[in-house]
Amino acid sequence: LDELLREVLGFLEKEASYRNLKVDFNYREEPPTIVSDRGQLQQIFLNIINNAFAAVEDGGHIEIGIERVGADAVAVTIADDGVGIPADQLTHIFDPFFTTKKGGGTGLGLSITYGIVQKLGGQIGVKSKLGEGTCFTVTLPIGQALG
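Counting the sequence shown from 1 gives a position; the working numbering is that position plus 22.
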């Protein structure tokens, strides 16, 4: 997962550098290796990290964490210090065509992300405070029979 997350960030390296965004990795322990669909994991994390980039001002901060959950799962957290999501909109962010982005957005990114996480046997959750930032948590099984 660490390698995959760093690879995804590589796609956004120029923007991070140009906007002076700080991205930190915060792991309490060595991240476990998981068995899953690499391409779909890339899409999940690219969507969430892209949203974090869109939410933060230039000079903003994003923190990525990986933590084992019990014996058979791992949680990846992506937290930003961006604008946050109003409480009344939080329940809708995974709905198709719902967007909080000013100037648009298709409203499909998180809906698709939600579907992929479900397909991989995982869960996705979000916590946000207006003006303080947002934290997405993607919990995935360590071993997965893909089908």
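Backbone N, C-alpha and C fix where the C-beta goes; we use that ideal spot for every residue, glycine too.
Exercise for the section: Would you mind stating whether L27 and F67 have Cβ atoms separated by less than 8 Å? Expected result: Here residue 27 corresponds to residue number 5 of the sequence shown, with the count starting at 1. Here residue 67 corresponds to residue number 45 of the sequence shown, with the count starting at 1. Cβ distance < 8 Å, so L27 and F67 count as in contact.
Problem - Sequence-distant residues of the same chain with beta carbon closer than 7 Å to L63, five excluded per side - result: Here residue 63 refers to the residue found at position 41 of the sequence shown. If we look at L63 and ignore the five residues flanking it on each side, its Cβ neighbours are L26.
Exercise for the section: Taking F47 as part of the beta strand (DSSP E), name the residues at either end of that continuous run. Expected result: Taking the first residue of the sequence shown as position 1, residue 47 is located at position 25. It spans 44–49 - the beta strand (DSSP E) in which F47 sits, taken as one unbroken run.
Practice task
Report yes if the CB atom of V78 is closer than 8 Å to the CB atom of D110, and no otherwise.
Solution key: One-based indexing of the sequence shown puts residue 78 at position 56. One-based indexing of the sequence shown puts residue 110 at position 88. It is not a contact, given that the beta carbons lie outside the stated cut-off.
Practice task
Using 7 Å as the cut-off, classify the Cβ of K123 as near or not near the heavy atoms of the ligand COA, replying yes or no.
Solution key: By its list of ligands, the structure shown contains no ligand whatsoever, and the ligand COA lies outside what it can speak to.
Practice task
Would you mind sorting G104 into buried or exposed? The rule is 16 or more other CB atoms within 10 Å of its CB.
Solution key: The residue labelled residue 104 in the question sits at position 82 within the sequence shown. Burial call: buried.
Exercise for the section: With a floor of 4 residues, list each alpha helix (DSSP H) that falls wholly inside the region 119–149, ordered by position along the chain. Expected result: 131–141
Exercise for the section: Please confirm whether A95 and I138 have their CB atoms less than 8 Å apart. Expected result: As a first step, residue 95 is located in the sequence shown; it is residue number 73 there, counting from the start. As a first step, residue 138 is located in the sequence shown; it is residue number 116 there, counting from the start. It is not a contact, given that the beta carbons lie outside the stated cut-off.
Practice task
Please name the residue, chosen from V91, A38, I107, that lies closest to K123 on a Cα-to-Cα basis.
Solution key: Taking the sequence shown and counting its residues from 1, one reaches residue 123 at position 101. For the residues V91, A38, I107, the minimum Cα distance to K123 belongs to I107.
Problem - Reduced DSSP category for A101 - H, G, I as helix; E, B as strand; rest coil - result: By 1-based counting over the sequence shown, the position of residue 101 is 79. Note: A101 maps to strand in three-state DSSP.
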